Amino acid sequence: MNLERNDHPHYLRPTVENLSQAIFTVNRHAKTAPNPKFLYKLKQDALQKLIKEGKAKKVGLHFSSNPKFSQQQSDVLVECGDYLFHLPPSKADFEKLPHLGRLNEHVRNPKASLSLNQAKKLLMFYTGLKENQEQPEHKKRQYEKPVFKKLGESYF
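Set out below in structure tokens:
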């Protein structure tokens with residue numbers, strides 16, 4: 000892949016190391032973002048593509064540290080470069096991957112020196128995802144004054 004200087008943000012090439020740092024940065028910011036859906040989608044698509052290309056691998060299943068509805072839940076542990084990530088499992092993952100039990104809280108990913116903007120640009124370039132700037136889900140309704148009828152009048 001021949002990239003020109005203007006084709007890619009800050010001259011970052013989509014190497015396994017750069018991509019894993021970008022995923023780490025996006026994942027870290029998604030945990031506190033006001034609308035994390037796009038960031039998690041970016042992470043998931045990038046990891047799925049890396050797995051498909053053989054640049055990352057699924058290691059096994061871990062019990063989730065934050066299960067939904069207080070029920071036991073598992074996540075897929077994915078190794079990408081020097082980093083480890085979790086993804087939601089598919090049915091096939093439960094059949095193919097070993098269960099590793101509880102997450103080891105002492106294992107930490109290395110620090111990444113990438114800004115969120117750089118990380119998002121790199122992952123968007125790599126996956127082809129576009130960020131939708133508009134948020135149509137949260138439209139504010141126009142305030143309407145209440146209508147009061149005189150005593151005895153019909154509301155219809």
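Sequential numbering from 0 applies to the sequence shown in numbering that gives the first Met the number 0.
Each residue gets a CB set at the ideal place from its N, CA and C atoms; glycine is no exception.
Predicted model only: the values in this text are computed from it and were never measured.
Below-9 Å beta-carbon distance, residue i vs any chain D residue
{"i": "His105", "result": "No chain D appears in this structure, which consists of one protein chain only."}
Range covered by the beta strand (DSSP E) that runs through residue i
{"i": "Glu78", "result": "73-79"}
{"i": "Phe93", "result": "Phe93 -> not in any beta strand (DSSP E); alpha helix (DSSP H) instead, spanning 90-95."}
For residue i, the residue or residues it bridges with in DSSP
{"i": "His213", "result": "Because residue 213 is not part of the residues shown, which for the chain are 0 to 155, the question remains open."}
{"i": "Gly59", "result": "Leu76"}
Best match in the options for proximity to residue i [C-alpha to C-alpha]
{"i": "Ile50", "options": "Glu94, Glu78, Phe23", "result": "Glu78"}
{"i": "Asp44", "options": "Lys148, Ser112, Phe147, Thr126", "result": "Thr126"}
{"i": "Ala91", "options": "Gly53, Ala29, Lys57", "result": "Lys57"}
{"i": "Pro35", "options": "Phe147, Pro109, Lys119", "result": "Lys119"}
{"i": "Gly100", "options": "Val75, Asn131, Gln117", "result": "Val75"}
Chain-order list of residues whose beta-carbon lies under 7 Å from that of residue i (same chain, five-residue window excluded)
{"i": "Glu16", "result": "Gly80"}
{"i": "His7", "result": "The pLDDT assigned to His7 is 46, lower than 50, so where the model puts this residue is not dependable; a value taken from the coordinates is nonetheless given after this. For His7, where only same-chain residues beyond five positions count, the Cβ hits under 7 Å are Phe124."}
{"i": "Leu38", "result": "Val25, His28, Ala29, Ala32"}
{"i": "Leu86", "result": "Gln43, Leu46, Asp74, Val75, Val77"}
Exposure of residue i, with buried meaning 16 or more beta-carbon neighbours within 10 Å
{"i": "Pro97", "result": "exposed"}
{"i": "Ser112", "result": "exposed"}
{"i": "Leu150", "result": "exposed"}
Own chain residues within Cβ distance below 6 Å of residue i, not counting five before or after
{"i": "Lys42", "result": "Ile22, Val25, Asn26"}
Close beta carbons around residue i, own chain, < 8 Å, minus the five adjacent residues each side
{"i": "Ser73", "result": "Leu60, His61, Phe62, Ser63, Pro88, Phe93, His98"}
Boundaries of the alpha helix (DSSP H) in which residue i is found, first to last residue
{"i": "Ala118", "result": "115-126"}
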